[in-house]
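Novice: I have a structure I would like to understand better, so I am pasting it below and will then ask my questions one at a time.
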Amino acid sequence: MTEHPSPVAASPAAVFAHRHLLGIEGLLPEEIVALLDLAEEAVSVSRQVEKKKTVLRGRTQINLFFEASTRTQSSFELAGKRLGADVMNMSVGSSSVKKGETLIDTAMTLNAMNPDLLVVRHHAAGAVHLLAQKVGCAVINAGDGAHEHPTQALLDALTIRRHKGDIYGLRVAICGDILHSRVARSNILLLNALGAEVRCVGPSTLLPRALDRLGVSTFTDMRKGLEGADIVMMLRLQRERMDGSFVPSVREYFHFFGLDAEKLAFAKPDALVMHPGPMNRGVEIDSAIADGPQSLIREQVEMGVAVRMAVLEALARNLPNGGA
Ligand code: CP
7 MTEHPSPVAA SPAAVFAHRH LLGIEGLLPE EIVALLDLAE EAVSVSRQVE
57 KKKTVLRGRT QINLFFEAST RTQSSFELAG KRLGADVMNM SVGSSSVKKG
107 ETLIDTAMTL NAMNPDLLVV RHHAAGAVHL LAQKVGCAVI NAGDGAHEHP
157 TQALLDALTI RRHKGDIYGL RVAICGDILH SRVARSNILL LNALGAEVRC
207 VGPSTLLPRA LDRLGVSTFT DMRKGLEGAD IVMMLRLQRE RMDGSFVPSV
257 REYFHFFGLD AEKLAFAKPD ALVMHPGPMN RGVEIDSAIA DGPQSLIREQ
307 VEMGVAVRMA VLEALARNLP NGGA
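Under the working numbering, residues 7 to 330 are what the sequence shown spells out, in order.
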């Protein structure tokens, strides 16, 4: 870790003044830190026997997921309930979307029921931004195509900060299918904003050319990319977004880019391993590493609830009559 102090001081006065959370792009470092600090309080609340707060009492939260989710949807539901909101999970599979209703018509229909917070996941990049322009409530991007997944990056940052003390100066290697990953994009933006050194590691077919513009270095040799890393963040091969073949075979992919003990040894001895989930064991990560002492994967899930509580609370403060 760097000897220099972080330039982003946590400040009790820092505020998150946005109406929506559509991405990490556009957030100031101090706004990110304000959300992480608020999430720390939510970690404490979530570890108590009595997990209820009342900051969202009377508020209605709708979770609208057009794509499959285990972690994000369930943690947003728990987060809203822990803050006292009425939470509705919209089941898109059995909704009128199946009869041809568009995203915007679906959103406008739900908007007419006066929700306060709308959590949206959609397979198209930019869909959540479009929707946010049409509705009267606060909108949270729970993942839009290969574009952004801001609450994933925030929960990853919270997890890292709790173990390393600060993000500034850390070397973070993000490995795997960067090309199709909204998690990678949001993490690159956040980690850069907080002063980490970000490396992207993967086969050239899965490293987008635009990475240079995002201020990261790229590696096609996993061992070189992991050298001296404080954090190793593994990503799934996102086959559902692949149009064609990007890797010769899963077996070969694991041989060159799967994280096992031999490759992890190139990172720092106290390096920590992360994965946003869902994991494909034996494809991008060996089970011994995923379940081993350096893994933070289960803790990331816990931090997911805390971060989503923080985001809901921060946005609720900015609602009309939000008590900000
Ligand atoms: N990390 C993540 O977004 O997981 P889910 O797809 O299960 O929500």
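The beta carbon of each residue, even a glycine, is placed where N, CA and C say it ideally should be. The model shown is predicted, which means the values in this text are computed figures rather than measured ones.
According to DSSP, which residues form a beta bridge with Leu217?
Specialist: Taking the sequence shown and counting its residues from 1, one reaches residue 217 at position 211. In the DSSP output, where bridge partners are listed per residue, Leu217 has none listed.
Novice: Could you give the DSSP three-state label for Arg25: helix, strand or coil?
Specialist: Locating residue 25 in the sequence shown gives position 19, where the first residue counts as 1. In the structure shown, Arg25 sits in coil (DSSP, three-state: anything other than H, G, I, E or B).
Novice: Could you tell me the boundaries of the alpha helix (DSSP H) in which Asn193 lies?
Specialist: By one-based count along the sequence shown, residue 193 stands at place 187. Its alpha helix (DSSP H) spans residues Arg188 to Ala199.
Novice: Rounded to whole angstroms, what's the CA-CA distance from Lys87 to Ala130? Just pull it up for me.
Specialist: Numbered from its first residue, the sequence shown carries residue 87 at position 81. Numbered from its first residue, the sequence shown carries residue 130 at position 124. Near 28 Å, if we compare the C-alpha coordinates of Ala130 and Lys87.
Novice: Please list the terminal residues of the continuous alpha helix (DSSP H) segment that includes Met285.
Specialist: To locate residue 285, count along the sequence shown from 1; it is residue 279. Premise fails: Met285 is in no alpha helix (DSSP H) and is neither H nor E.
Novice: Can you give the beta carbon distance from Pro156 to Ile30, rounded, assuming they're within the 8 Å contact cut?
Specialist: For the purposes of this step, residue 156 is taken as residue 150 along the sequence shown, with counting starting at 1. For the purposes of this step, residue 30 is taken as residue 24 along the sequence shown, with counting starting at 1. Right, the Cβ-Cβ distance comes to about 5 Å (below 8 Å), so this counts as a contact.
Novice: Between Leu89 and Val61, how many whole angstroms is the CB-CB distance? I'm expecting something under 8 Å.
Specialist: As a position in the sequence shown, residue 89 is number 83, starting the count at 1. As a position in the sequence shown, residue 61 is number 55, starting the count at 1. Contact flag correct, Cβ pair sits at about 5 Å.
Novice: Pull the bridge partners of Phe71 from the DSSP assignment, please.
Specialist: Counting from one through the sequence shown, the residue named residue 71 turns up at place 65. Looking at the DSSP assignment, Phe71 forms a beta bridge with Ser97 and Arg127.
Novice: When you compare only the Cα positions, how much space is there between Val222 and Glu83?
Specialist: As a working note, residue 222 is residue 216 in the sequence shown. As a working note, residue 83 is residue 77 in the sequence shown. When rounded, the distance between both Cα atoms is 34 Å.
Novice: Taking Phe262 as part of the beta strand (DSSP E), name the residues at either end of that continuous run.
Specialist: Your numbering for residue 262 matches position 256 in the sequence shown. Where Phe262 is concerned, there is no enclosing beta strand (DSSP E), although the alpha helix (DSSP H) it sits in stretches over Val256 to Phe263.
Novice: Closer than 5 Å from C-beta to any heavy atom of the ligand MN: which residues, in chain order?
Specialist: This structure does not include the ligand MN; its bound ligands are the ligand CP.
Novice: Give the DSSP-derived three-state secondary structure of Thr8 in the structure shown.
Specialist: Mapped onto the sequence shown, residue 8 falls at position 2. Interpretation of Thr8 is limited by its pLDDT of 41, a score under 50 that renders its predicted location unreliable; no figure is taken from the coordinates.
Novice: Assign Arg245 to one of three DSSP states: helix, strand, or coil.
Specialist: For the purposes of this step, residue 245 is identified with residue 239 of the sequence shown, where counting begins at 1. Looking at Arg245 - three-state DSSP - the assignment turns out to be helix.
Novice: Compare the C-alpha of Ser101 against each of Thr115, Ala91 and Val93 and name the closest.
Specialist: Walking along the sequence shown from the start, residue 101 turns up at place 95. Nearest option by C-alpha distance: Thr115.
Novice: Rounded to the nearest angstrom, what separates Ile166 and Gly106 at their Cα positions?
Specialist: Numbered from its first residue, the sequence shown carries residue 166 at position 160. Numbered from its first residue, the sequence shown carries residue 106 at position 100. About 42 Å.
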